[in-house]
Amino acid sequence: MRFMMLMIPRGYEKAAAGTMPDAKRVEEMMKYNESLQKAGVLLALDGLHPPSMGVRVTFPGGKPKVTDGPFAEAKEVLGGYWIIQVKSKEEAIEWAKRVPGSENETVEVRQLQEMADFPADVQRAASKLSDLRTGSGA
Amino acid sequence: MTAADTHRAIEAIWRIESPRLIAGLARTVRDVGLAEDLAQDALVAALETWPETGVPDNPAAWLMTAAKRRAIDLLRHRALADRKHGEIGRESGDRGASVEERLVETIDDDIGDDLLRLMFTACHPVLPAEARVALTLRMIGGLTTEEIARAFLVPETTVAQRIVRAKRTLAEAGVPFEVPRGEERAARLASVLEVLYLVFNEGYLATAGEDLIRPGLCEDALRLSRVLAELAPNDPEVHGLVALMEIQASRAAARAGPSGEPILLPDQDRSQWDRLLIRRGLAALERTERLGAAPGPYVLQASIAACHARANTAAETDWKRIAALYDELQGIAPSPVVLLNRAVAVGMAFGPAEGLRLADELSSEKTLAGYHLLPAVRADLLEKLGRRAEARAAFERAASLTQNARERELLLARAVRAGQADSR
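Top line first, the protein sequences correspond to chains A and B.
Residue 1 is where the first sequence starts when you use the numbering used here, and the numbers rise one by one after that.
Residue 1 is where the second sequence starts when you use the numbering used here, and the numbers rise one by one after that.
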């Protein structure tokens, strides 16, 4: 099973453009990332620039509307994520507990949907979706 | 947390911690079998204690402390027994003490090298293949005996016996807890890679039983190979094996239809291939190229898999390059199976007649006598050449040889199709 561990740092919703974690913090995280890698469970990870450098696209009345960050209404925003492959939800939780988190941080553990989780008709519809994914080279 | 929750948490912690625990203990007590027993004792202690006390903040340290306490008891007991038997008390007492000291030191060190030693020991050639597999999955994969038994469709007692016997064999043979050097290292590493690929293939090809794929085994093999790639980062073949597995695993979802029937590579819906695993596989392959050594068998097989992974449609496959890679593979790791695959690639690159000529050359090959893929390949080529009656007979022959129920159905269906077209 694959899980995404979503890092939600409180305060990041207001962080200035270009805000980067300090060297000590990076070092701690690198050590943790290494432990995931050494255990053979890490599939992917990324950190995200603060929302002040991003935009939100909403669809009022079904039409796209672009709003520049930071987003006044946002209480929780993502700071980054890991994708891990493990045997059970408990194992994913165990890895999440080992994140060197600080007081203001939350790690949300969510299972990735796999094709096999869907009934046949949804699988057929979803296979069109993954065509798009292939096309984008993602 | 309910007791059941705690139990599941312990299982998860065990999976994460047990390889490091066993490796650290093995360094200290110099006996892999004993180290594994001690780790199991620590697990039992955790199962007894944690449902009452809750999971400790540092479960790894807790387990190591419990295992060490048990080890010290055991060593004192042995020293006492030695003295009782009138053996040289002083010497064995000293040895006991130094092991105790080592035990106290053993905690939270970098156990990377120990883990590698553990892999090399579990895959020691003194053990039969199935014992290597069982020990590796149990000691480094953190699988229970029951999980191993389920994965390989054998009774739990069989696996338990294999493990007990394997530990005894290692102790009796005095297999040192070490990573050998030089040529022996290469030979032993090859044995580790072989074991991991065997586990992967048992999951991927499911040589027996009803299911076409047993994904759990593929995931275990991949996980262990990724671990090995971190422990032996300068061995191109390790990354070659990782690349091969990542790319093959990327096709898992596309390899079986809705009712579990197998779908062959050219017919697979490539949009279902897992792009993340392909990307990881290609990255691992690039790592081997950066190491710059002449490609070994796993690197070459991964390169072949990468040719398929890079083709957006089956028609875009670079079959000439694949045929050339099989030539190269035959040069360093000759086998009739490689020649058979080469025949397929040549058939695609240069026409079915040329492919069939190569496949027919293999018909007197004794090692392929019971191998269902030889008639299956011939059947496919014969069908392409319009020799449908012969194709049908060859498909039927292939169906009679396979052990996998799903594959048999597919081959029989193709036999019928070839025959029907004939009567048209």
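Ideal Cβ placement from N, Cα and C applies to all residues, glycine included.
CB contact flag (residue i, residue j, <8 Å)
i	j	result
residue 159 of chain B	residue 136 of chain B	no
residue 108 of chain A	residue 9 of chain B	no
residue 385 of chain B	residue 352 of chain B	yes
residue 293 of chain B	residue 270 of chain B	no
residue 35 of chain B	residue 29 of chain B	yes
residue 81 of chain A	residue 4 of chain A	yes
residue 196 of chain B	residue 298 of chain B	no
residue 79 of chain A	residue 9 of chain A	yes
residue 239 of chain B	residue 287 of chain B	yes
residue 220 of chain B	residue 143 of chain B	yes
residue 273 of chain B	residue 250 of chain B	yes
residue 20 of chain A	residue 86 of chain A	no
residue 131 of chain B	residue 165 of chain B	yes
residue 42 of chain B	residue 70 of chain B	yes
residue 277 of chain B	residue 246 of chain B	yes
residue 228 of chain B	residue 200 of chain B	no
residue 453 of chain B	residue 126 of chain B	With chain B covering only 1 through 424, there is no way to say anything about residue 453 of chain B.
residue 15 of chain A	residue 60 of chain A	no
residue 114 of chain B	residue 181 of chain B	no
residue 140 of chain B	residue 224 of chain B	yes
residue 437 of chain B	residue 306 of chain B	Outside the displayed range of chain B (1 to 424) lies residue 437 of chain B, so it cannot be described from this structure.
residue 84 of chain A	residue 36 of chain A	yes
Residues near residue i by beta carbon distance below 7 Å, same chain, minus five either side
i	result
residue 121 of chain B	32, 170, 175, 177
residue 407 of chain B	262
residue 50 of chain B	6, 10
residue 16 of chain B	none
residue 94 of chain B	Any reading at residue 94 of chain B must be qualified, since the residue scores a pLDDT of 47, below 50, and its modelled position is unreliable; the value itself is stated next. Within the same chain, residue 94 of chain B has no close Cβ partners at all.
residue 215 of chain B	203, 252
residue 308 of chain B	265, 317
residue 346 of chain B	323, 354, 355, 358
residue 235 of chain B	189
residue 18 of chain B	39, 142
residue 27 of chain A	none
residue 241 of chain B	193, 196, 197, 225, 298
Under 7 Å from the C-beta of residue i: neighbouring residues of chain B
i	result
residue 16 of chain A	Result: empty, since nearest Cβ-Cβ is about 32 Å, beyond 7 Å.
residue 87 of chain A	15
Interface partners of residue i on chain B, CB under 8 Å
i	result
residue 37 of chain A	226, 230
residue 111 of chain A	Correct list: empty, because the minimum Cβ distance to chain B is about 14 Å.
residue 94 of chain A	9, 12, 13, 16
Cross-chain neighbours of residue i in chain B, by beta carbon under 9 Å
i	result
residue 43 of chain A	276, 277, 280
residue 40 of chain A	222, 223, 224, 225, 226, 227, 228, 229, 230
Same chain, Cβ closer than 6 Å to residue i, five either side skipped, listed in chain order
i	result
residue 392 of chain B	415, 418, 419
residue 58 of chain A	65
residue 399 of chain B	408, 411, 412
residue 116 of chain B	179, 231
residue 108 of chain B	Note that residue 108 of chain B scores a pLDDT of 48, beneath 50, so its modelled location is shaky and nothing firm can be said.
residue 81 of chain B	none
Chain C contact for residue i (CB, 8 Å cutoff)
i	result
residue 91 of chain A	Checking the listed chains, one finds no chain C in this structure; the protein chains it contains are A and B.
Interface partners of residue i on chain A, CB under 8 Å
i	result
residue 219 of chain B	85, 87
residue 181 of chain B	Per Cβ cutoff of 8 Å: no residues; residue 181 of chain B is ~23 Å from chain A at best.
8 Å CB neighbourhood of residue i in its chain, flanking five on each side removed
i	result
residue 349 of chain B	319, 320, 322, 323
Tell me the start and end of each unbroken alpha helix (DSSP H) in the stretch 45 to 97 of chain A that is at least 4 residues and wholly inside, in chain order.
-> 89 to 97
Flag this pair as touching only if the stretch 92 to 108 of chain A and the stretch 27 to 45 of chain A have three or more C-beta atom pairs under 8 Å; answer yes or no.
-> yes
Are the stretch 298 to 309 of chain B and the stretch 271 to 281 of chain B touching, with three or more C-beta to C-beta distances below 8 Å?
-> Below 8 Å, enough C-beta pairs join the stretch 298 to 309 of chain B and the stretch 271 to 281 of chain B to call them touching: three or more.
Inter-stretch contact (C-beta, 8 Å, three-pair minimum) for the stretch 335 to 343 of chain B and the stretch 366 to 384 of chain B = yes
On the three-pair Cβ rule with 8 Å, is the stretch 188 to 195 of chain B touching the stretch 148 to 159 of chain B?
-> no
Should the stretch 309 to 329 of chain B be regarded as contacting the stretch 266 to 274 of chain B, the criterion being three or more beta carbon pairs within less than 8 Å?
-> yes
Assess, as a yes-or-no matter, whether the stretch 44 to 59 of chain B is touched by the stretch 18 to 26 of chain B under the definition of 3 or more beta carbon pairs within less than 8 Å.
-> Too few Cβ pairs lie closer than 8 Å, so no.
Could you name each continuous alpha helix (DSSP H) segment of 4 residues or more that falls completely within the stretch 210 to 238 of chain B, going from the start of the chain to the end?
-> 215 to 231
Could I get the ranges of all uninterrupted alpha helix (DSSP H) runs contained in the stretch 130 to 197 of chain B, with 4 residues as the minimum, in chain order?
-> Correct list: 145 to 151, 156 to 172.
Secondary structure, alpha helix (DSSP H): runs of 4+ residues fully inside the stretch 264 to 304 of chain B | 275 to 291
Could you pull out every unbroken alpha helix (DSSP H) segment of at least 4 residues lying fully inside the stretch 341 to 410 of chain B, listed in chain order?
-> 352 to 361, 373 to 384, 388 to 401
Spell out a yes or no on whether the stretch 65 to 75 of chain A and the stretch 99 to 108 of chain A are touching, meaning 3 or more CB-CB pairs, one atom from each, closer than 8 Å.
-> Taking a cut-off of 8 Å for Cβ pairs, the stretch 65 to 75 of chain A and the stretch 99 to 108 of chain A do not touch, as fewer than three such pairs fall below it.
If you scan the stretch 19 to 49 of chain A from start to end, which runs of the alpha helix (DSSP H) of 4 or more residues do you find wholly inside it?
-> Here the runs fully enclosed are 23 to 38.
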